[in-house]
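Every position in the sequence shown, counted from 1, becomes a number in this note's numbering once 677 is added.
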Amino acid sequence: MSGLEVASAACIADTMLIAATDIGLASIYLCAFVEGFNAEPNLIKELGLPDGFSPIAGILLGYTDELAVERKLEIKLKVNYK
Ligand SMILES: Cc1cc2nc3c(=O)[nH]c(=O)nc-3n(C[C@H](O)[C@H](O)[C@H](O)COP(=O)(O)O)c2cc1C
678 MSGLEVASAA CIADTMLIAA TDIGLASIYL CAFVEGFNAE PNLIKELGLP
728 DGFSPIAGIL LGYTDELAVE RKLEIKLKVN YK
């Protein structure tokens, strides 16, 4: 696997994180779960994913309270407009 696939997946995931924040969902970028797929190859089949599928990036989405969303927006604004 070249670095290009990882870079593309990261860009896609990042866009999904921004979109999730925009609609008020909490989210994080995940990579550690890939180790689980490597250790348990049957997971691909059990989850109904196509043969040959190799996860390299993931996102976790969830509901949060308004304060957490406000905190994330505040952090993003501070980073962007420093
Ligand atoms: C490349 C990369 C991989 C990450 N992988 C994981 C992961 O596997 N598990 C995890 O809990 N957080 C992971 N994180 C961190 C989360 O995406 C998130 O930044 C962190 O949980 C802090 O969230 P917060 O800013 O809402 O507190 C990863 C971050 C990056 C940049």
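Virtual Cβ for every residue (Gly too), placed ideally from N, Cα, C.
Since the structure is predicted, the reported quantities are computational estimates derived from the model, not experimental observations.
Alpha-carbon spacing of residue 753 relative to residue 731, whole angstroms
Reading the sequence shown from its first residue, position 76 is the one you call residue 753. Reading the sequence shown from its first residue, position 54 is the one you call residue 731. Going by the C-alpha atoms only, they are around 31 Å apart.
For residue 705 and residue 739, I'd like the C-alpha separation in whole angstroms.
As a working note, residue 705 is residue 28 in the sequence shown. As a working note, residue 739 is residue 62 in the sequence shown. Cα to Cα, the separation comes out at about 9 Å.
How many angstroms separate the CA atom of residue 686 from the CA atom of residue 734?
Within the sequence shown, the letter at position 9 stands for residue 686. Within the sequence shown, the letter at position 57 stands for residue 734. So the alpha carbons of these two residues sit roughly 6 Å apart.
At which residues does the alpha helix (DSSP H) containing residue 685 begin and terminate?
Locating residue 685 in the sequence shown gives position 8, where the first residue counts as 1. 680-699 is the extent of the alpha helix (DSSP H) around residue 685.
If residue 713 sits next to residue 707, beta carbons under 8 Å apart, how far is it from one beta carbon to the other, in whole angstroms?
As a working mapping, residue 713 is identified with position 36 in the sequence shown. As a working mapping, residue 707 is identified with position 30 in the sequence shown. Not really, about 11 Å apart at Cβ, beyond 8 Å.
Quiz: which residues have CB nearer than 5 Å to ligand 1 non-hydrogen atoms
Those satisfying the condition are, in chain order, 705, 706, 707, 708 and 709.
Label residue 724 either buried or exposed according to how many other C-beta atoms from any shown protein chain fall within 10 Å of its C-beta, with 16 as the threshold for buried.
Within the sequence shown, numbered from 1, the residue matching residue 724 stands at position 47. It counts as exposed.
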